[in-house]
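Peer 1:
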Amino acid sequence: MKPHQSAKQPTHQQMTLVQLSDLHLTGSIGKSPSYQSTLQALEVIVKLQPQLILLTGDLVNDGNSDAYNWLFLQLKNTGIAHFAIAGNHDVTHEIGTGLPYHQRLHLPLTADTRLLDCHRLAFDGINWQILLLNSSLAGCTHGALSQDTLAWLQSSLAQHPMPAIIALHHHPQAVGSAWIDAYMLSNHRAFWQIIEQHPHVHTIVCGHVHQVHQLHPLKNHRVQLLSCPSTDRQFLPFAHDFAIDKTASAGFRVIHIDNTSRLVSYIKSLDN
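Sequential numbering from 1 applies to the sequence shown in full-length UniProt numbering.
Laid out in structure tokens, this is it:
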């Protein structure tokens, strides 16, 4: 585990980062729709010229090492610093996708070594930090943070009282879709108990839900929870059972931060 790493120095004490999530690369490498939408997203991102791309899991659907190699080559070719964490699909091979969700078989996979856990990013010239956590469990759809990860989070926040963004794959707060909320972060209470102790935690970003949300889970804390769309397909919001949203656009989240502790974000659609 790497406790600290510097990214490209931002300019004018401002920084732009992109959250890219739930690519679900599958099929013919470089050619199938999931690959094409990823290439489209990266093309748009390069034009935005962010300092950082943050990938929040479910990068590859079936653990294909060639798919990861393809993805990280495309990321390298952007010339933009990039960091990635695992989602459930990165450590779980799902079989029977034509079946109802609860009837599918889930087999454990070993995570690609380029997917990070307990990883802290700090930056020259800007007073922010980003903490990357692995919430994925091999062979499972739901998530959890290990005791070691929770301890690392507590220690890192205590040692570095600067504005913080925390990234993980699984949502630690229900989003109102019963079927996906059954597969959220299972030890979310332990997670929020840590966050409550640290008022400098500004934003949590997650993937997994294939929906756009901005939530404020704690009554006495400013922290917000942001999710972003998938670059692949979107899930219907507030649905009891698994359903695809055929009207929502693929996309990603753009986040601007500066040295006044200000954070502004928006969703960039791939349809415009």
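Idealized CB from N, CA, C, for every residue including glycine.
Predicted model, so just to flag it, every value in this text is computed and none were measured.
Can you list the beta strand (DSSP E) stretches of 3 or more residues lying completely in the segment 220-244, in chain order?
Peer 2: Here the runs fully enclosed are 224-227.
Peer 1: Over what stretch of residues does the alpha helix (DSSP H) that includes residue 188 continue unbroken?
Peer 2: Note, residue 188: alpha helix (DSSP H), 188-196.
Peer 1: List the DSSP bridge partners of residue 143.
Peer 2: Paired residues: 136, 185.
Peer 1: If you count every other CB in all the chains shown that lies within 10 Å of the CB of residue 167, and 16 or more means buried, which is it?
Peer 2: With 16 or more other Cβ atoms within 10 Å, it is buried.
Peer 1: Taking the alpha carbon of residue 126 as the reference point, which residue from 229, 16, 266 has its own alpha carbon closest?
Peer 2: Comparing Cα positions, the closest option is 16.
Peer 1: Cα separation between residue 65 and residue 26?
Peer 2: Taking the straight line from one Cα to the other gives about 11 Å.
Peer 1: Does the segment 87-105 come within contact of the segment 257-271, defined as at least 3 CB pairs closer than 8 Å?
Peer 2: The segment 87-105 vs the segment 257-271: no contact.
Peer 1: Checking 7 Å against the spacing of the C-beta atoms, do residue 216 and residue 164 come in under that value?
Peer 2: Cβ distance not < 7 Å, so residue 216 and residue 164 don't count as in contact.
Peer 1: Expressed to the nearest angstrom, what Euclidean distance is found between the alpha-carbon atoms of residue 23 and residue 197?
Peer 2: If you take the alpha carbons of residue 23 and residue 197, they lie about 33 Å apart.
Peer 1: Can you tell me whether residue 119 is buried or exposed, with buried defined as 16 or more other CB within 10 angstroms of its CB?
Peer 2: So residue 119 counts as buried.
Peer 1: With H, G and I counted as helix, E and B as strand and the rest as coil, what does DSSP make of residue 89?
Peer 2: Three-state result, residue 89: helix.
Peer 1: If you count every other CB in all the chains shown that lies within 10 Å of the CB of residue 193, and 16 or more means buried, which is it?
Peer 2: Classification of residue 193: exposed, given that the 10 Å Cβ count is below 16.
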